[in-house]
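Quick note: the sequence shown uses the numbering used here, first residue 1264, plus one each step. The structure under discussion appears below in the form of structure tokens.
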Amino acid sequence: MDFAYHYTDEQQAFRDEVAAWLDSHAPDNLNGPLDGGPLDIETDSKVEGFRRDLGSKGWLAPTDSPDAGGAGLSPDHNVIILEELNRRGLLHLLEDAASALRAAIRTWGDEAQHEQYLRSIALGQTSVWRQVLPPSSDFEPASVGISAFPDADGYILDGRAMFSGPGAAPSCLWTLARVKSEDDGEPAMACFLVSPDIDGVRITTPRSLVAESVRRVFFDQVWVPRSDRLGDEDDGPSVVGARTAHTDLADLPTLLESETDALLKYTRETHANGAPLSSEPIRQQFLVEAYIASRVMRLLRMRGAWLRESGHGQGYEEAEAKLWEERASQRLSEATQESLGIYALLDGADPSAAAGGRFHRQQLRELSERSGNPSAGDMAANLGLERPGQRPAEPKKDEETEQRS
């Protein structure tokens, strides 16, 4: 029995068209996006320009109608675009905050917000920074750094929070805020779409392990109209936690897998004492464990996406996949240090750095995510694990799911 996916002649012809266009339009020397390195201003501008070029083709929303900024393509054609973008390390252009905001506006936005944002996002004309929050929808009000005070026909926002997104400045700040009630009751949490150009908004870039990975945004008595609120006041956590509904992305290689493959290739091609680095038994063990962890992570992502799409999941599957991804990333850092030794700690400025500092950047990203992401412990607790580093238990069969299927 043949389980391989076979492309049609029409898909192959479309692949040639997409590949030729990308080869002629994608900016050169994008080593930053390909391996997660920091972007300089010039490169960042090129990436944003390329995003607008993709939007003009309708390829940021391939299956949407041309009137909505899409290309009106079939799912079979969409798969080809996803694969070709992924082959060049550019899939993140379809997974960023702008794409997630577009999905949220479709569900919670009013007619005016549909008109203002949907088409412009699909065309690549709107860049979005989203507040950095745990992926769980069970937000604690005290953990949200921004307060919203009702004021006539709007709200006054006050506080500060961390945001992530592309570019030196966004078109829109997508944030969550605690709405103070007049009777001092439990505050509601609402989602707002705020222009960064209004008075009282100030953006700074804190020092971090990964350059420009997050920015700190201050709101100093910022008045916004009620029309800037997305959804009802109590919808905030669900709205800001929205993600792009690209089930087709689940089985595509991630940055973690690409970095794992790069390390395996480097240790095969780099020799010490006349033998490849990967020939040493202890290194082999670390490399194999890192490879297995990265592939299990993809299986869990695919499983979570399928269960969400089919409606048979219990709600924790994607959090489980995210937890495994964090641990797989740590496993890769361990394999890198064991395989490369002191050279794993050298950055790109050192001529002796392995792969131009690529593996050093990978370790910085992993450490930054580990120290800056409070979700791992929460997810571990939700999954019934005694400690964050413990491996998730084998998935149990769902008798109810089996009966429904």
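For every residue, glycine included, the Cβ atom is placed at its ideal position computed from N, Cα and C. None of these values were measured; they are calculated from a predicted model.
Residue span of the alpha helix (DSSP H) that contains residue i, given as start and end
| i | result |
| --- | --- |
| Leu-1603 | 1580 to 1603 |
| Ser-1434 | Counting along the chain, Ser-1434 falls outside any alpha helix (DSSP H), and DSSP gives it neither H nor E. |
| Ile-1545 | 1544 to 1573 |
| Pro-1488 | Here Pro-1488 belongs to no alpha helix (DSSP H); instead the beta strand (DSSP E) covers 1478 to 1488. |
| Leu-1348 | 1338 to 1350 |
| Leu-1518 | 1518 to 1532 |
| Pro-1500 | 1499 to 1503 |
| Ala-1405 | Ala-1405 -> no alpha helix (DSSP H), and no H or E assigned at all. |
| Thr-1370 | 1360 to 1371 |
| Trp-1710 | Nothing about residue 1710 can be read from this structure; the chain reaches only from 1264 to 1668. |
| Leu-1381 | Element bounds for Leu-1381: n/a, residue is neither H nor E. |
| Leu-1285 | 1272 to 1288 |
Classification of residue i by the beta-carbon crowding that lies within 10 angstroms, buried from 16 upward
| i | result |
| --- | --- |
| Glu-1589 | buried |
| Ala-1283 | exposed |
| Gly-1300 | Residue placement at Gly-1300 cannot be trusted, given a pLDDT of 47 that sits under 50; the coordinates are not used to answer. |
| Ala-1639 | A caution first: Ala-1639 carries a pLDDT of 43, below 50, which makes its placement in the model unreliable, though a value can still be read off. That one is buried. |
| Pro-1296 | At Pro-1296 the pLDDT is 46, less than 50, meaning the model places this residue with poor confidence; the figure from the coordinates comes in the next sentence. Its Cβ being crowded by 16 or more others within 10 Å, Pro-1296 is buried. |
| Tyr-1253 | The chain is shown only over 1264 to 1668; residue 1253 falls outside these bounds and no answer can be derived. |
| Trp-1271 | According to the sequence shown, residue 1271 is Thr rather than Trp. Exposed: under 16 other Cβ atoms inside 10 Å. |
| Glu-1280 | exposed |
| Thr-1523 | buried |
| Arg-1675 | What the structure shows of the chain is the stretch from 1264 to 1668, and residue 1675 is not part of that stretch, so it cannot be assessed. |
| Ala-1568 | buried |
| Phe-1277 | buried |
| Glu-1663 | Note that Glu-1663 has pLDDT 41, beneath the 50 cutoff, so the model's placement of it is unreliable and no number is given. |
| Ser-1337 | exposed |
| Gln-1548 | exposed |
| Ser-1287 | exposed |
| Pro-1637 | Bear in mind that a pLDDT of 42 at Pro-1637, under 50, signals an unreliable position, so the number given afterwards is only what the model happens to contain. Exposed, because fewer than 16 other Cβ atoms sit within 10 Å of the Cβ of Pro-1637. |
| Glu-1532 | exposed |
CB of residue i within 8 Å of CB of residue j, strictly
| i | j | result |
| --- | --- | --- |
| Pro-1325 | Ala-1331 | no |
| Ala-1591 | Ala-1556 | yes |
| Phe-1482 | Gly-1387 | no |
| Thr-1468 | Ser-1434 | no |
| Arg-1465 | Met-1425 | no |
| Trp-1437 | Leu-1364 | yes |
| Glu-1305 | Gly-1430 | no |
| Arg-1492 | Ala-1451 | no |
| Leu-1456 | Gln-1394 | no |
| Ser-1693 | Thr-1530 | Residue 1693 lies beyond the range of the chain shown here (1264 to 1668); nothing can be said about it. |
| Ile-1384 | Ala-1367 | no |
| Arg-1382 | Leu-1356 | no |
| Tyr-1606 | Ala-1617 | yes |
| Asn-1349 | Pro-1516 | yes |
| Arg-1561 | Glu-1520 | yes |
| Gly-1463 | Val-1485 | yes |
| Asp-1327 | Gln-1274 | no |
| Ile-1411 | Arg-1351 | Strictly speaking, residue 1411 in this sequence is Ala, with Ile absent from that position. No. |
| Arg-1564 | Ala-1584 | yes |
| Val-1487 | Gly-1428 | no |
| Leu-1595 | Leu-1526 | yes |
| Val-1503 | Leu-1396 | yes |
| Gly-1611 | Gly-1620 | yes |
| Gln-1593 | Glu-1543 | no |
Residue span of the beta strand (DSSP E) that contains residue i, given as start and end
| i | result |
| --- | --- |
| Gly-1422 | 1417 to 1427 |
| Asp-1670 | This structure leaves residue 1670 out entirely; the chain is present only between 1264 and 1668. |
| Gln-1394 | 1391 to 1394 |
| Ile-1466 | 1464 to 1467 |
| Ala-1453 | 1451 to 1457 |
- Given 8 Å, three or more beta-carbon pairs between the stretch 1406 to 1423 and the stretch 1334 to 1352: Contact between the stretch 1406 to 1423 and the stretch 1334 to 1352 is absent, because fewer than three Cβ pairs lie under 8 Å.
- Would you check if there are 3 or more beta carbon pairs closer than 8 Å linking the stretch 1483 to 1501 to the stretch 1564 to 1576? Contact between the stretch 1483 to 1501 and the stretch 1564 to 1576 is absent, because fewer than three Cβ pairs lie under 8 Å.
- Query: Is the stretch 1605 to 1625 touching the stretch 1544 to 1553 in the sense that three or more CB pairs, one from each, lie closer than 8 Å?
  - Reply: Short answer: they don't touch.
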